[in-house]
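Count the sequence shown with the numbering used here and you get residues 834 to 1296, in order. Heads up: the structure comes next, in structure tokens.
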Amino acid sequence: DIDRGTQSVSTLLSIFVFNIIPSFFEICLVIGLLWINYDSFFALISLLTVVFYIALTLAITTWRMKYRYQMNDMQSEANTNAVDSLINYETVKYFNREDFEVNRYDNTMARWEDVATKSFTSMTALNFIQGAVIALGVTVILITAAQGVVDQNLSLGDMIMIQALLLQLFMPLGSLGIVYRQIKHNFIDMNNMFDLLDQTPKVSNEQGAPALKVTQGRVEFNQVSFAYPGKNKVLKDISFTIEPGQKIAIVGQSGSGKSTLAKLLFRFYDVSSGSILIDGQDIKTHQQHSVQTAIGVVPQDTVMFNESIYYNIAYGKQDASMEEVKQVAKLSFIDEFIDQLPQGYDTLVGERGLKLSGGEKQRLAIARVLLKNPPILIFDEATSALDSYSEKMVQKALNGFSDQHTTFMIAHRLSTIKDADKIIVLGDGAIIESGTHEALLSNNGKYAQLWQLQSKDTSKQQS
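The structure is reproduced here in structure tokens:
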């Protein structure tokens, strides 16, 4: 949609400069010459023909536009299906669904061909009607001119000149129909792009909002509540404080609001009520860019650019040297893997990182955020795809690195966060309990139940 929209802007500019304006000038000039040099009847018939031609063209072309909309939808659907099946080729192979994907694509293209046939047929009918209107106007004028020659009101040369002027009139008029269709088609192609441009961001800066200045990295959640648009509250009156350099862990069952907390801190969304403070500054009243600059995030689902390993790591600091990249790769325990590759740090990772395993992608993501070196870190299930050994090594590196940073950890595996300064247990969008690992175990509450459950699962797997 964006590609079609940008191409349409360029096409429209060319049409107006090289077609519309010259054609309009030529039509006015020809009708004026017929009016001044010959009978006003010729000019009137020419004008009526032009008006009738344009009116029919506008009406029929507007009616035909529904086919263009449908063609665009079918083409977008076909492209989406093709890309989706190629990206998820492993899933397609696992379930032997190659024929299904081919048939799905073929069905979409068959619907596109059906709509394209209707579009072509209607365009042919429009061209026939346009030709008939022009032929009728020319016939009436030439018959009148011939009668003028017979009556000796016009010379044969006048008739030839009138015919030449009509050619000059209807040649641009014929192209005007094609140009109008192109304009309509291009405006349709631009609609989706304009819709995207007209969308208002979920989060916007207040007028004159200052930049956030982080000196320590103290984070406070004060009675924070939040609900996604049109849905019930996900978080209810959440209050806690992370002191500079502390590591706090958020645990809870799926849907309890853990990831939403991280998104609010990063200011993907603004809180519905309450406030989030960084060093005493309400992030809602400060520039979003400055808030996000102060925070580094390692998400649960890591996506890589189809570029080199160096590019993906250095994305955290685009002027980073190779030495800096290698240093954070070592901290993330990904350096040995990279050194074994034939092209090393110049190795392409494939689209969305398809050439890497889940654990390798997450360690690259950790290296990337370590290179950014922000005062506040968010790890959203950052070690979820790692094996036990890699998890311990990365956890050791994170522990050493997070001592100098305020760290916000979201975890499902409780073994990865037991050394956190504070653990907050969420349930149904509210804080159930909080404290250290030992204190929560002694409380025999929800955290203790989750710990015992995971310990049993681990024991079963080992046995």
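For each residue, glycine too, the CB sits at the ideal point set by N, CA and C.
Following the DSSP letters along the chain, one finds I976 inside the alpha helix (DSSP H) bounded by residues E931 to V983. Under a 10 Å Cβ-count criterion, K1064 is classified as exposed, with fewer than 16 other Cβ atoms of the shown protein chains found around its own Cβ. Rounded to the nearest whole angstrom, the CA to CA distance from I1075 to L1098 is 12 Å.
Along the segment 845 to 900, the alpha helix (DSSP H) occurs as fully enclosed runs of 4 or more residues at 854 to 870, listed in sequence order. Taken through DSSP and simplified to helix, strand or coil, S843 comes out as helix. With a cut-off of 8 Å on Cβ pairs, the segment 1148 to 1165 is not in contact with the segment 1087 to 1094, counting fewer than three such pairs. For K1066, the pairing in a beta bridge is given by DSSP as A1060.
Excluding its 5 nearest sequence neighbours in each direction, I860 has C-beta neighbours in its own chain below 7 Å: V883, L1002, P1005 and L1006, listed in chain order. Cβ neighbours of Q908 within its own chain (closer than 7 Å, five residues either side excluded): W945. With contacts defined by Cβ atoms closer than 8 Å, P1208 and G1050 form a contacting pair. Along the length of the segment 1253 to 1278, whole beta strand (DSSP E) runs at least 3 residues long occupy 1255 to 1260 and 1263 to 1268, reported in chain order. Three or more pairs of CB atoms, one per stretch, sit closer than 8 Å, so the segment 990 to 1001 contacts the segment 860 to 870. The closest CA to that of I1083, considering only N1055, A968 and D1254, is found on D1254. The beta carbons of Q1195 and T1135 sit closer together than 8 Å.
Taking 8 Å as the cut-off, the Cβ atoms of V1161 and I1171 do not count as close.
Annotation: the continuous beta strand (DSSP E) that includes L1210 extends over I1209 to D1213. Straight across, the Cα-Cα distance linking S1105 with S843 is about 43 Å. The distance from the Cβ of I1128 to that of I1256 is about 21 Å, inconsistent with a contact at the 8 Å cut-off.
In this structure, the beta-carbon distance from I1243 to S1092 falls below 8 Å. Around the beta carbon of M1155, fewer than 16 other beta carbons lie within 10 angstroms, which makes this residue exposed.
Sorting Q1133, E1140, L1203 and T913 by C-alpha distance to the C-alpha of K1159 places L1203 at the top. Of the residues assessed, S841 falls on the buried side of the cut-off, its CB having 16 or more other CB atoms within 10 angstroms. Look at the beta carbons and you see the segment 897 to 914 touching the segment 929 to 945: at least three pairs across the two are nearer than 8 Å. Here L987 is buried, its C-beta having at least 16 other C-beta atoms within 10 Å. Counting every other CB atom within 10 Å of its CB across the protein chains shown gives Y922 a total below 16, marking it as exposed.
DSSP places M1242 in the strand class (E or B) of the three-state scheme.
Cβ-Cβ separation between I967 and I893: approximately 15 Å, too far for a contact (criterion under 8 Å). Apart from sequence neighbours up to five positions away, the residues of its chain that approach G1177 with a beta-carbon distance below 8 Å are I1142 and I1171, ordered along the chain. In the three-state reduction of the DSSP assignment, D1115 falls in the strand class. Under the DSSP definition of a beta bridge, T1074 partners with E1053. Excluding its 5 nearest sequence neighbours in each direction, L1247 has C-beta neighbours in its own chain below 7 Å: V1084, L1283, W1284 and Q1287, listed in chain order.
Contact check for L1094 against E1053 fails: the beta carbons are separated by 8 Å or more.
In the DSSP annotation of this structure, the continuous segment of the alpha helix (DSSP H) that includes V925 starts and ends at Y922 to Y927. Uninterrupted beta strand (DSSP E) stretches at least 3 residues long and entirely within the segment 1133 to 1206 do not occur. Under the DSSP assignment, V1084 falls in the beta strand (DSSP E) whose first and last residues are K1080 to G1085. Scanning its chain for C-beta atoms nearer than 7 Å, with the 5 sequence neighbours on each side dropped, one finds around Q1237 the residues G1078, in chain order.
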